[in-house]
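Peer 1:
There are 2 protein chains.
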Amino acid sequence: MEAKAANGPNTERSYGVIDGPTNPMVTPLLTDLYQFTMCYAYWKAGKHNERAVFDLFFRKNPFGGEYTIFAGLEECIKFIANFKFTEEEISFIRATLPPTCEDGFYDYLRGVDCSDVEVYAISEGSVVFPKVPLMRVEGPIAVAQLLETPFVNLINYASLVATNAARHRLVAGKSKMLLEFGLRRAQGPDGGIGASKYCYIGGFDATSNVAAGRLFGIPLRGTHSHAFVSSFMSPDEIIDKSLRSCDGSRTCEDFVSLVQAWLNKIQWSRSFRGVFGETNQSELAAFTSYALAFPNNFLALVDTYDVMKSGIPNFCAVALALIDLGYKAVGIRLDSGDLAYLSCEARKFFCTIENEFGVSDFGKMSITASNDLNEETLDALNKQGHEVDAFGIGTYLVTCYAQAALGCVFKLVEINNQPRIKLSEDVSKVSIPCKKRCYRLFGREGYPLVDIMTGENELPPKLAERILCRHPFSESKRAYVVPQHVEELLKCYWSGSSGKAREELPPLKNIKERCMKQLEQMRPDHMRRLNPTPYKVSVSAKLYDFIHFLWLNEAPVGELQ
Amino acid sequence: MEAKAANGPNTERSYGVIDGPTNPMVTPLLTDLYQFTMCYAYWKAGKHNERAVFDLFFRKNPFGGEYTIFAGLEECIKFIANFKFTEEEISFIRATLPPTCEDGFYDYLRGVDCSDVEVYAISEGSVVFPKVPLMRVEGPIAVAQLLETPFVNLINYASLVATNAARHRLVAGKSKMLLEFGLRRAQGPDGGIGASKYCYIGGFDATSNVAAGRLFGIPLRGTHSHAFVSSFMSPDEIIDKSLRSCDGSRTCEDFVSLVQAWLNKIQWSRSFRGVFGETNQSELAAFTSYALAFPNNFLALVDTYDVMKSGIPNFCAVALALIDLGYKAVGIRLDSGDLAYLSCEARKFFCTIENEFGVSDFGKMSITASNDLNEETLDALNKQGHEVDAFGIGTYLVTCYAQAALGCVFKLVEINNQPRIKLSEDVSKVSIPCKKRCYRLFGREGYPLVDIMTGENELPPKLAERILCRHPFSESKRAYVVPQHVEELLKCYWSGSSGKAREELPPLKNIKERCMKQLEQMRPDHMRRLNPTPYKVSVSAKLYDFIHFLWLNEAPVGELQ
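Those protein sequence lines, which keep their order, are chains A and B.
In terms of our numbering, the first sequence opens at residue 12 and continues consecutively.
In terms of our numbering, the second sequence opens at residue 12 and continues consecutively.
1) Beta-carbon within less than 6 Å of B:Ala56's beta-carbon, same chain only, minus the 5 sequence neighbours each way: which residues are those?
2) Anyone know if the C-beta pair for A:Leu84 and A:Glu149 falls short of 7 Å?
3) Would you call A:Lys502 buried or exposed, if buried means 16 or more other Cβ atoms sit within 10 Å of its Cβ?
4) Which residues of chain B have a Cβ atom closer than 8 Å to the Cβ of A:Ala177, listed in chain order?
5) Under 7 Å between the Cβ atoms of B:Ala241 and A:Arg431?
6) Assign B:Leu262 to one of two classes, buried (16 or more other C-beta atoms within 10 Å of its C-beta) or exposed (fewer than that).
7) Might you give, ordered along the chain, the residues of its own chain that have their beta carbon closer than 7 Å to the beta carbon of B:Lys185, omitting 5 neighbours on each side?
8) When you compare each of A:Pro324, A:Val318, A:Ala332, A:Asp372 to A:Asp349 by their alpha carbons, which one comes out closest?
9) Taking just the CA atoms, how far does A:Leu108 sit from B:Ser102?
10) Which residue from B:Ala132, B:Pro161, B:Phe96, B:Arg195 puts its Cα closest to that of B:Thr410?
11) Strictly below 7 Å CB to CB, what residues from chain A border B:Met36?
12) Could you check the C-alpha separation between B:Phe557 and B:Thr465 for me, to the nearest Å?
13) Taking Cβ-Cβ distances shorter than 7 Å, what residues in chain A pair up with B:Tyr45?
14) Span of the beta strand (DSSP E) holding B:Cys449?
15) Closer than 7 Å by C-beta to B:Arg105: which residues in its own chain qualify, once you throw out the five before and the five after it? Chain order, please.
16) Per DSSP, A:Tyr491 forms a beta bridge with which residues?
17) For A:Asn21, which residues in the same chain have their Cβ closer than 6 Å to its Cβ, ignoring the five residues on either side in sequence?
18) Please state whether DSSP places B:Asn220 in a helix, a strand or coil.
19) Just the Cα atoms here: how many angstroms apart are B:Leu479 and B:Val492?
20) For chain A, find out if any of its Cβ atoms is closer than 7 Å to the Cβ of B:Met464; answer yes or no.
21) At which residues does the beta strand (DSSP E) containing A:Ser377 begin and terminate?
22) Any Cβ of chain A within less than 7 Å of the Cβ of B:Ile426?
23) Could you check whether the Cβ of A:Val267 sits closer than 7 Å to any Cβ belonging to chain B?
24) How about A:Gly202 and B:Gly199: do their beta carbons lie closer than 7 Å?
25) What's the C-alpha gap between B:Glu515 and B:Glu386?
26) Relative to the C-alpha of B:Glu99, which candidate in B:Arg121, B:Phe81, B:Arg525 has its C-alpha closest?
27) Can you list, in chain order, the residues of its chain whose CB lies under 6 Å from that of A:Ile433, leaving out five sequence neighbours each side?
28) Taking B:Cys411 as the query, report the chain A residues whose CB atoms sit under 9 Å from its CB, ordered along the chain.
29) For A:Lys339, which residues in chain B fall below 7 Å Cβ to Cβ?
30) Would you say the stretch 394-406 of chain B touches the stretch 365-373 of chain B, given that touching needs at least three Cβ pairs under 8 Å?
31) Does the beta carbon of A:Val313 come closer than 7 Å to any beta carbon on chain B?
32) What first and last residue would you give for the alpha helix (DSSP H) that runs through B:Val548?
33) Would you mind reading off the limits of the alpha helix (DSSP H) that contains A:Pro73?
34) With distance defined between alpha-carbon atoms, name the residue in B:Ile343, B:Arg281, B:Ala272, B:Gly337 nearest to B:Tyr573.
35) Only counting the same chain, and skipping five residues up and downstream in sequence, which positions put a Cβ closer than 8 Å to that of A:Pro110?
36) What are the boundary residues of the beta strand (DSSP E) that includes A:Glu425?
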């Protein structure tokens, strides 16, 4: 029931058939106070219904890369679909604003919703680039302004962590299993839940976060911790020692002894004689207990005491006992030490078991590694050579440790059909004015070549026709492109009550698939970790001229003194 | 209503009279899957009710400092006070665990709550140090284990961001106003809400986050953005130009003209002749409109076009017009450029206005600065000299950009009255075993000298008696201390149904006060930004001996080959 409330439709605010945001704390009050003071000032000036166009975009790709994954759109749409103030919220705003504010404003707020708002956005999970609007929000200026903070909040971290996940996937390679283990180190509870969702989009296979598994249907993974191992003293404490065979045909009455017998057999075998001595009994008890509980899913954490002298031999003894009863063990997890070395040694040990005891496929036992992994350590492991099949990644992934924030902004580009430009002494901070259309142009080899922004009323770029693409601010940077394929980037995701057709919100799996497909489609030099080539973002010749006309108009003429 | 649900008591899970966690997504499913697989394995082995003691602690202070602020406790207590699985949650766990898991386990889960759990903790808002348990959790091992992930999640970010806030406060000095402006860049919605709460504890005065203001009663601040300025074209568009004087005695029918008159007066005054030319009309219109809406709270963002040539003169014209009508203007905000230089120039401008027009206190106009501020930039501003009265800090503060995670861990230290030690080849990762008591010893000058951990049954350190304090792992590091004051650190915050007395959860304001008081009490060399002196954390002689006895017992004896 509780969780239903967290995820289910927010009936009070329901608008159409779209559920509310995943986190019920995402309400119209989750915004900066200045959105309300501005809202009042617009209302007081009679300006509140003036039609404004805002672009949401970022200025620089994160993590020193040349691409970003756009994520968080679904939550934004769920938010505006249910945008409505409760009486209690209005009372709080009234108590917060100065007492001189007029009552009529609160009547106005009572009627505010997003039926007059339209949102055009790039599809979630797309590869995106600086300066190109990820979202274009059109609506009454007072309402659009109230959306700024929640939209930027919902997009910033989502896109950042999805990008981080994609970068980890690119380094790990397609064949590895990537597990998100970050909940405990995430920045707050839904830092954790958001991380699980957006890492899945960015290319992770599963999460440890049960709440995220339930909310989003993401596969879950997890076995046991060091505490589980040290909570046992010795195999003597195991009371119920019986285990039925996998096919149910017989019961081993003393699985503990079977494990012990296998441990002896390994220890005194030709291959392992003298390799290890007495293994840790607390660990052996823990592994045996875990196997009794999960005979079909036995995966053991082997580094509580000593990986090669205790963890691996104990694991193998239990695994072989399980195999005797027709089960298949899954593998091990390493959570400390030299993961490259230990994974190779573990693999050798497994292969030797396979040969020594003729147990087929024992050498293919799965090896999971965790412990402060990040892009750099994955890369280093690849260079050293390793035998890891799955990586569990936490802190560095979910907190985006290498760069903890993406700088998405929300800028006014037009009001009452008048284009607006935000100037700055720093050219990279000048915003591109006008309500725009955005296209991605693809070349002969199927790679995207350039993104181009045009004015709303310009003709779209045509296939196989030469188009001049200009850098928005640098006069000399321009290139002709003959696109083999043209994709319009901004699609209508929210049309309010206008009746305009809008895109459906796709299921999470489809968003992930889009992301994986788009990443594959990119020219590899844009994606490499070191010195990637910047992807080109441009404007049409017409828009270029218009930007510079406005710029000259707005900029004060200095006086040299 | 909606928000009531987010904050109000969670009746379904209510236990005693403590409300549920602020974020309703903090449910018993907000944990790692392995907590459930271990829980099942404990249950299957009949071990689930064995009494375990876990310590929650961190190993290293963040941000290169030598102190940390402990925060997040209230949310943990609210969580366990309402810990209970819903049927729907149990169904999800059943669907997630292998089908071989026995039904009895789910009956067991149905009955699980925290009535058998006890939590001892350092008071929230305290200054804390590595290795000392922030929380000691005692209870049935299966239940305590389920609490690990949510507790660590709730403490990690809370303590990290509170510490970050405290560091900003220490650099800014007591007299400055500190405003948390981070919602849009936070890691998800309650990254933002948590940041507001914990930055307030750590020493911030107010937040821009309306939801946090409402949930926690934190003062709110905010005026307007650049978009507000650029949404205006010229003062001609202002329709309702009248403004009643502050005392209500008269009405100025054309405030726009009054502002214009002041602007002319300034421009042609003796002091300002030739200093600035035509100011930006869009900005002037925006300021005038904002003043008409908030005549008592006029604070203007002055850097949309040109601070000294447009923003400041426009602000002064509007402020002087307001003063004519008996109002007091608040001040300006700078959001770009050289904040040290511009704040000094702005102050000079204000003082010149005060002298030129005989307007008393105009020179004391408040100056707020924002724009990517952090500890370093605050420090640099102090060194350069500046005239800023208030700092608005966002990204670097709330995302803890300088170090995005704190590494709190949750380690088993005792089970069935048997102490447990977690060994590691890395000495800093060895855990301190046993159920412990922790004390802070204060010296003659009132400063804390050292924290000491003892076994549960040792006598507490006595006033004015010599106590040997030993480094937990380094034989030669030890010192005698004669405490002038002794404070026991761990207090009972949750006693389940045991009937033991427990501490009340204090209001947020008291937590903040505790934090401010404790920060003041520290010896300054522990707190300085560069090369701070580490604060000493020690164990009693008895505990030292016991740790090393256990260590030798558990560690395998290597063989040199």
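Quick reminder that beta carbons are idealized off the backbone N, C-alpha and C, glycines included.
Peer 2: Short version:
1) none
2) no
3) exposed
4) Chain B residues near A:Ala177: none, gap ~17 Å exceeds 8 Å.
5) For clarity, residue 241 of chain B is Ser in the given sequence; the question names Ala instead. Yes, the Cβ-Cβ distance between B:Ser241 and A:Arg431 is below 7 Å.
6) Contrary to the premise, residue 262 of chain B reads as Thr rather than Leu in this sequence. The residue in question, B:Thr262, is exposed, as its Cβ has fewer than 16 Cβ neighbours within 10 Å.
7) none
8) A:Val318
9) 46 Å
10) B:Arg195
11) Ala17, Asn34, Pro200, Asp201, Ile204, Ala222
12) 10 Å
13) Ser219, Gly233, Thr234, His235, Ser236
14) 447-453
15) Tyr117
16) A:Leu479
17) For A:Asn21, the predicted structure reports a pLDDT of 39, less than 50, and the residue's modelled location is therefore unreliable. The matter cannot be settled from this model.
18) strand
19) 6 Å
20) no
21) 377-380
22) yes
23) no
24) yes
25) 34 Å
26) B:Arg121
27) It should be pointed out that residue 433 of chain A corresponds to Lys in this sequence rather than to Ile. Hits under 6 Å: Lys422, Ser442.
28) Gln198, Thr410, Ala415
29) Result: empty, since nearest Cβ-Cβ is about 13 Å, beyond 7 Å.
30) no
31) no
32) B:Val548 -> not in any alpha helix (DSSP H); beta strand (DSSP E) instead, spanning 547-550.
33) Here A:Pro73 belongs to no alpha helix (DSSP H), and DSSP marks it neither H nor E.
34) This structure does not reach residue 573 of chain B, given that chain B is present from 12 up to 572, and the question cannot be answered.
35) none
36) 420-426
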